[in-house]
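Numbering (this note's numbering), first residue to last: 12 to 337. Structure first, then comments.
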Ligand code: ADP
């Protein structure tokens, strides 16, 4: 971002310098044009006076003078036109180069963030599994403890699996993803995802409001992924006393899926960017939450593939509300 600002300042200075040079060039040309015009008019006057043998003459009445004036004006417009074309081309050129470079910088920043986060996301479950297995080897633990640690190890394995699935889905969504649209009981699908989420997240208060028998032709697995991602985010970006609301309703033929939380909220200027691949709010060096910046990218792609829309609103009393319309 710092590089971005320096680039903007540098381009601004270059544009300003070139525009000033251009302006100076135009002024000089205009002066020369003026001098030439005056010289030619004087010459014409002298020639006429000599020919006619008179001492005084109003040169502006001569037809040749009018031709000279036309020539002078033509030159003026030419100078102004050239200066304008050159100036506009210059500004546009620098603007497009600047924009392309800024995009490259942003993409590089996002890639760097992704690498940092993915390294962390891989390292921590692996370290846990490593520790659990080493403990099993070194110590003779009672069956109860072995069971408890094995459950923890399994959770870490599921976390790793989820991470790889996310990367895999995101990569496949970039190409032609084989969606399998079929009549699905959405009410049941959402309900099941919420129930399984509830089991693994005991510390959250869930408000569930799911209308029965909402049937729609969707890719069931993708829809599961959408709800899971939104729930995981609602959980991840909320602090203590987490409250998540999930509602599914059908009104006038439209289906509304809403996931609302009481978390940190999302600033208005971030609400478009968070759907970009690898984009995460803030900087990877200072951020505490884990993630890859792939979740909402996947959600958005899936919703779009179902001809749906996704909106973000601030939740009443703080937090965020994701509204999906199908
Ligand atoms: P990840 O959660 O892996 O970082 P996502 O694509 O799911 O990636 O989300 C992108 C960013 O959007 C997150 O890094 C986070 O800053 C922000 N975000 C997503 N969901 C929420 C939410 N419910 N509340 C606040 N911020 C959120």
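All residues carry an ideal CB built from backbone N, CA and C; glycine is no exception. Given the structure is predicted, the values throughout are model-derived calculations rather than measurements.
Subject >> Cut-off 7 Å between Cβ atoms - residues of its own chain near residue 125, not counting five sequence neighbours on either side >> reply: 289, 303 and 304
Subject >> Closest by C-alpha distance to residue 10, when choosing among 88, 102 and 17 >> reply: Residue 10 lies beyond the range of the chain shown here (12 to 337); nothing can be said about it.
Original post:
Where in the stretch 177 to 249 do unbroken runs of the alpha helix (DSSP H), each at least 4 residues long, occur, reported from the N-terminal end onward?
Top reply: 197 to 211 and 231 to 247
**OP:** Quick one: give me the first and last residue of the alpha helix (DSSP H) that residue 286 is part of.
**Re:** Residue 286 -> no alpha helix (DSSP H), and no H or E assigned at all.
**OP:** Between the Cα of residue 140 and those of 127, 157, 186 and 73, spot the shortest distance and give me the residue it belongs to.
**Re:** 157
**OP:** Could you pull out every residue in the same chain whose Cβ sits closer than 7 Å to the Cβ of residue 136, ignoring the five residues on either side in sequence?
**Re:** 167, 170 and 171
Original post:
Can you give the beta carbon distance from residue 238 to residue 204, rounded, assuming they're within the 8 Å contact cut?
Top reply: 4 Å
Original post:
Do residue 256 and residue 218 have their C-beta atoms closer together than 7 Å?
Top reply: yes
Original post:
Excluding the five sequence neighbours on either side, which residues of its own chain have a C-beta within less than 7 Å of the C-beta of residue 11, listed in chain order?
Top reply: The shown model of the chain, from 12 to 337, leaves out residue 11, and the question about it has no answer.
Subject >> Per-residue burial, residue 285 [other beta carbons within 10 Å of its own, 16 or more giving buried] >> reply: buried
**OP:** Determine, using beta-carbon pairs with one atom in the stretch 174 to 181 and one in the stretch 143 to 155, whether at least three such pairs fall under 8 Å.
**Re:** no
Original post:
Nearest-angstrom Cα distance between residue 24 and residue 119?
Top reply: 25 Å
**OP:** Report the rounded CA-to-CA distance for residue 283 versus residue 314, giving the unit in angstroms.
**Re:** Rounded to whole angstroms, residue 283 to residue 314 spans 15 Å at the Cα level.
Subject >> The beta strand (DSSP E) enclosing residue 67, as first and last residue numbers >> reply: For residue 67, there is no enclosing beta strand (DSSP E), as DSSP marks it with neither H nor E.
Original post:
Ends of the beta strand (DSSP E) at residue 321?
Top reply: Residue 321 -> beta strand (DSSP E) spans 320 to 325.
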